[in-house]
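Participant: Under our numbering, the first residue of the sequence shown carries the number 1107, and numbering increases by one thereafter. Please find one structure pasted underneath; my questions will follow.
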Amino acid sequence: MPESGRVGRISDGDTLRLEDGRRIRLVQIDAPERRGECYGNAATEVLARLAPVGSTIELERDPVLDDLDRNQRLLRYVRVDGLDLNLELVRLGTAAPYFYRGARGERAEALLVAAERARTKRLGLWGACPAARLVPTRQVAAGPP
């Protein structure tokens, strides 16, 4: 059974904090940094719209990936009203697949397909950031704002 919680704050385009203090890093994706990277603020705004403060989310751990990142954030797939946020953010072009140390989770293929479609359609960061490259083993580098 998935864990759940209520959103307390959106930190950036791939990280949020629950009302109970748990910090969640959406697993297998990376969004541009909020400060100093092209599309960073927009990515944060999209996550805030999809998972508004006060909304209830479900958290799902990928059994083949780490439980925590190096910053002690929970690595999770996140759902809001049945919508897979990790996949949706990639579909919208606000985040890219990111397979830390090459580790591919259960949804890796779906994330790659969604990213390629978003890039082809020039959605989100793929249209706004000429320097953006799709390299899933590296964090997204969208370039300067």
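By construction, the Cβ of each residue, glycine as well, lies at the ideal position given by its N, Cα and C atoms.
#1: Taking Ile1135 and Asp1120 to be in contact with their CB atoms under 8 Å, please state how far apart those CB atoms are, rounded to whole angstroms.
#2: Cβ of Arg1225 versus every heavy atom of the ligand ATP: is any distance shorter than 7 Å?
#3: Per DSSP, which one or two residues make a beta bridge with Leu1124?
#4: In three-state terms, what does DSSP make of Leu1156?
#5: Return the bridge partner residues of Thr1162 from the DSSP annotation.
#6: Considering only C-alpha positions, which residue in the set Cys1144, Thr1162, Gly1211 and Arg1179 is nearest to Ala1237?
#7: Should Glu1139 go down as buried or exposed, given a rule of 16 or more other Cβ atoms within 10 Å for buried?
#8: Could you tell me which residues DSSP pairs with Leu1180 in its beta bridges?
#9: What residues match up with Val1186 in a beta bridge as DSSP calls it?
#10: Excluding the 5 residues preceding and the 5 following Ala1224 in the sequence, name in chain order all residues of the same chain whose CB lies nearer than 8 Å to its CB.
#11: Out of Ala1201, Ile1163 and Gly1146, which one is the CA nearest neighbour of Asp1187?
#12: Helix, strand or coil: how does DSSP classify Ala1221 here?
Facilitator: Reading off the structure:
#1: Locating residue 1135 in the sequence shown gives position 29, counting from the first residue. Locating residue 1120 in the sequence shown gives position 14, counting from the first residue. About 6 Å; that satisfies the 8 Å criterion.
#2: The model on display carries no ligand, and the ligand ATP is accordingly not part of it.
#3: Along the sequence shown, read from residue 1 onward, the residue named residue 1124 stands at position 18. In DSSP, Leu1124 forms a bridge with Val1113.
#4: The sequence position of residue 1156 within the sequence shown is 50, counting from 1. Looking at Leu1156 - three-state DSSP - the assignment turns out to be helix.
#5: Along the sequence shown, read from residue 1 onward, the residue named residue 1162 stands at position 56. In DSSP, Thr1162 forms a bridge with Arg1112.
#6: Indexing the sequence shown from 1 puts residue 1237 at position 131. Residue Cys1144 is the option with its Cα nearest to Ala1237.
#7: Here residue 1139 is taken as the residue at index 33 of the sequence shown, counted from 1. With 16 or more Cβ atoms within 10 Å of its Cβ, Glu1139 is classed as buried.
#8: Locating residue 1180 in the sequence shown gives position 74, where the first residue counts as 1. DSSP output for Leu1180 lists Ile1130 and Leu1174 as bridge partner(s).
#9: To locate residue 1186, count along the sequence shown from 1; it is residue 80. Residue pairing for Val1186: DSSP places it in a beta bridge opposite Leu1189.
#10: Here residue 1224 corresponds to residue number 118 of the sequence shown, with the count starting at 1. Only Val1196, Arg1197, Leu1198, Gly1199, Gly1230 and Trp1232 meet the Cβ criterion.
#11: Taking the first residue of the sequence shown as 1, we reach residue 1187 at position 81. The shortest Cα separation from Asp1187 among Ala1201, Ile1163 and Gly1146 belongs to Ile1163.
#12: Looking up residue 1221 in the sequence shown gives position 115. Helix at Ala1221.
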